[in-house]
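A short worksheet on the structure shown next.
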Amino acid sequence: MKVSRIAAVGSAAGIAVLALSVPAFAHVSVQPQGPAAKGGYAVVDFKVPNERDDASTTKLEVNLPADHPLASVMPQPVPGWKVEVTKSKLDKPLESHGEKLTEAVTKVTWTAEGKGIEPGYFQKFPLSVGALPEDTDELVFKAIQTYSNKEVVRWIEVPQEGQEEPDKPAPVLALSAAEDDAHGAAGAKAGAESTSADGKNEAAASASGDSGDSSDTTARVLGVVGIVVGAAGVAYGVLAGRRRNTGASA
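Using our numbering, the letters of the sequence shown map in sequence onto residues 54 to 303.
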């Protein structure tokens, strides 16, 4: 009896822990496909899971940070979804590649053209963004998720450091330290590899040439030795023949 009660209590506790842990990973989130370095460009995925058993996700709105506007925002087409990009005027012009921009993308909306994200599935919505700001460690994207039953979930609560995660946290993109010129580094690396390869080729060619010269010298020496040995053999044969003839005459 006691064992059954302990098992029942353990099972209930496990279910409770599972229920409490579900919201921690079942919200809309954002993750970079590669580095998301300050001052650079990145492709980020907004991952949207379906948290309902009786409805599909049919719409996603992502609001870009107004305090750090991005000069370039380009969505990647997602099959079965229509995308709309909304631009707004900036309070302060944004400089990009020597030009001043007076407006920037402030919202991207994906609307399902079919069933959307059905129960038990998730969908990724990629965005190419940049240049990423250099004066902050993270970007907050507030998202709104709409279901086929008209339910709206607002993922807009900003997580605070040192506090528990809110019930409806906004997607947060962590930025890494600024990187050096990747192209320059790659070029330098390629040049070093090329130089190393050329050095190896020259060394191989030199070794091959030395080997060829050595082989020629060896062949010549063997040829001379062969001639000398052959001549000695002929001479020995002649002398032997003369000795036989002299013995026979005596």
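We treat Cβ as the ideally placed atom computed from N, Cα and C, and that holds for glycine.
Exercise for the section: Could you have a look at V225 and say whether DSSP puts it in helix, strand or coil? Expected result: Sequence index remark: in the sequence shown, residue 225 carries index 172 (1-based). DSSP places V225 in strand when its eight states are reduced to three.
Practice task
Excluding the 5 residues preceding and the 5 following T159 in the sequence, name in chain order all residues of the same chain whose CB lies nearer than 8 Å to its CB.
Solution key: Mapped onto the sequence shown, residue 159 falls at position 106. If we look at T159 and ignore the five residues flanking it on each side, its Cβ neighbours are N116, L117, A119, P122, T139, K140, S141.
Practice task
Figure out for me which residue from D144, P212, E137, Q176 has the closest Cα to the Cα of E114.
Solution key: If you number the sequence shown from 1, residue 114 lands on position 61. For the residues D144, P212, E137, Q176, the minimum Cα distance to E114 belongs to E137.
Problem - Contact under 7 Å by Cβ, E152 with K91 - result: Working through the sequence shown from its first residue, we reach residue 152 at position 99. Working through the sequence shown from its first residue, we reach residue 91 at position 38. Contact flag unset, no.
Practice task
Report the option in T111, L147, M127 whose CA atom is closest to the CA atom of G133.
Solution key: To locate residue 133, count along the sequence shown from 1; it is residue 80. Per the Cα distances, T111.
Exercise for the section: Note down the Cα distance separating Y174 from L228, rounded to an integer number of angstroms. Expected result: Locating residue 174 in the sequence shown gives position 121, where the first residue counts as 1. Locating residue 228 in the sequence shown gives position 175, where the first residue counts as 1. So the alpha carbons of these two residues sit roughly 28 Å apart.
Handout entry: Reduced DSSP category for S259 - H, G, I as helix; E, B as strand; rest coil
Key = On the sequence shown, residue 259 is found 206 positions in, with the first residue counted as 1. Confidence is the limiting factor: at S259 the pLDDT is only 45, short of 50, which leaves the residue's position unreliable, though a coordinate-based value still follows. It is helical.
Practice task
Would you list the one or two residues that DSSP bridges to V205?
Solution key: Start at 1 with the first residue of the sequence shown, and residue 205 comes out as number 152. Its beta-bridge partners are T199.
Exercise for the section: Indicate whether V101 and Q86 have their beta-carbon atoms separated by less than 7 Å. Expected result: Translated into positions along the sequence shown, residue 101 becomes position 48. Translated into positions along the sequence shown, residue 86 becomes position 33. No, the Cβ-Cβ distance between V101 and Q86 is not below 7 Å.
Problem - Option nearest P130 by Cα separation, candidates E104, W163, T199, K195 - result: By 1-based counting over the sequence shown, the position of residue 130 is 77. Out of E104, W163, T199, K195, W163 has the C-alpha closest to the C-alpha of P130.
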